[in-house]
Each structure stands twice: as structure tokens, then as C-alpha cells.
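Each step along the sequence shown adds one to the number in the UniProt record's numbering, with nothing skipped, and position 27 is 27.
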Amino acid sequence: MLHFEDFPAGTRFAFKPVTVKAEDIVAFAAEFDPQPMHLSEEAGKASILGGLAASGWHTSAIMMRMLCDSYIHRTASEGSPGVNSMEWKKPVLAGDTLSGTCTVIEARTSRSRPEIGIVQLRGEVINQRGETVAICDYANMIRCKPAGSDA
């Protein structure tokens with residue numbers, strides 16, 4: 001189990017590659033962002049996106065899963081107080097394979113809850129061409145190691 005002390009600035013976690021399927025783009029869009037360029041290849045090609053494109057919110061959800069798989073599921077995480085910024089830099093098209101990293105920018109102990117650390121992180125998602133498709137700056141609250149433990 002990772003604790004706050006395991007997150008010094010510069011620590012980096014790699015994302016496992018994920019291939020974005022057309023049917024997943026359409027299913028997400030149908031439920032959460034039903035704009036034409038997210039629902040059909042034809043509408044996507046007619047748009048500035050150039051093909052069936054994942055919603056930015058879908059890209060964010062994929063990044064969230066990557067974060068969980070890369071470190072959160074094995075961390076004494078207490079959630080997040082929020083996202084500072086979320087940027088969608090390039091379209092994510094059906095068939096794209098996404099990967100990337102999450103990097104610790106800064107870490108400090110909470111002033112009001114000293115048993116919790118606040119870690120500022122930057123997640124960056126790239127496609128198979130090495131192009132950055134999304135960047136997210138956010139905070140994660142992580143429990144400190146219990147006093148007197150080596151856990």
C-alpha cells in the first residue's frame with residue numbers, strides 16, 4: 001500500500017495502453033454527450049475532428065481509469081479536493097491507442113488534517129503517434145503512514 005510519503009515530487013506512474021473502440025465512443029456519447037461527432041463516423045468526418053471522436057469527457061473518464069490502474073488502487077487515497085485544469089489538446093479518434101504518465105508535481109501535509117497529505121499531480125495522455133491528447137492537473141489526498149509503522 002502506497003502512502004503520502006511514497007509521493008515525492010518527480011515520482012512518475014506509467015499508464016497501460018488502452019485502445020479506444022468505436023462502439024465505446026458511441027455508447028458513452030449516447031448516454032453523456034450526444035453530439036453528432038461522437039455518435040457517427042460520418043458526422044465526425046464532416047466536423048473539424050476528422051472522424052468518430054471521443055467526447056472530451058470520455059477521454060477524461062479513460063484517464064481516470066488509467067490513474068486508478070496505475071497507482072490509486074494501491075494507494076491509501078482519500079479522494080480528491082478537485083481538478084485545477086483539464087485540457088483536451090487533440091481529438092481521440094476511434095482506433096487510437098492511448099497511454100501516458102502521471103507525475104507528482106508537489107506534495108505537502110494538510111494543515112487542517114496532518115494525517116493526510118495533499119499531492120499535486122499532472123496526468124498526460126498521449127496517442128500512438130506520441131501526440132498529447134489530454135492534460136489534467138489535479139490534487140489527490142493520501143493518508144500518511146500510521147505513526148510507528150513501516151506500512
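Think of the CB as a built atom: it goes at the ideal place given N, C-alpha and C, for glycine as much as any other residue.
Note that the structure is predicted; figures quoted are calculated from it, not measured.
Check	Outcome
Between Ala-107 and Met-63, how many whole angstroms is the CB-CB distance? I'm expecting something under 8 Å.	Contact doesn't hold; Cβ gap of about 20 Å is too wide.
Determine which residues share a DSSP beta bridge with Ile-62 and list them.	DSSP output for Ile-62 lists no bridge partner at all.
So, is Glu-124 buried or exposed, given that buried needs 16 or more other C-beta atoms within 10 angstroms?	buried
In angstroms, rounded to a whole number, what distance separates the CA positions of Met-141 and Ser-99?	24 Å
Could you compute how far the alpha carbon of Lys-45 sits from the alpha carbon of Met-86?	25 Å
Look at the Cβ atom of Val-119, then the Cβ atom of Phe-32, and state whether they are nearer than 9 Å.	no
Taking 9 Å as the threshold (C-beta atoms), are His-3 and Gly-117 in contact?	yes
Can you look up Glu-106 in the DSSP assignment and give me helix, strand or coil?	strand
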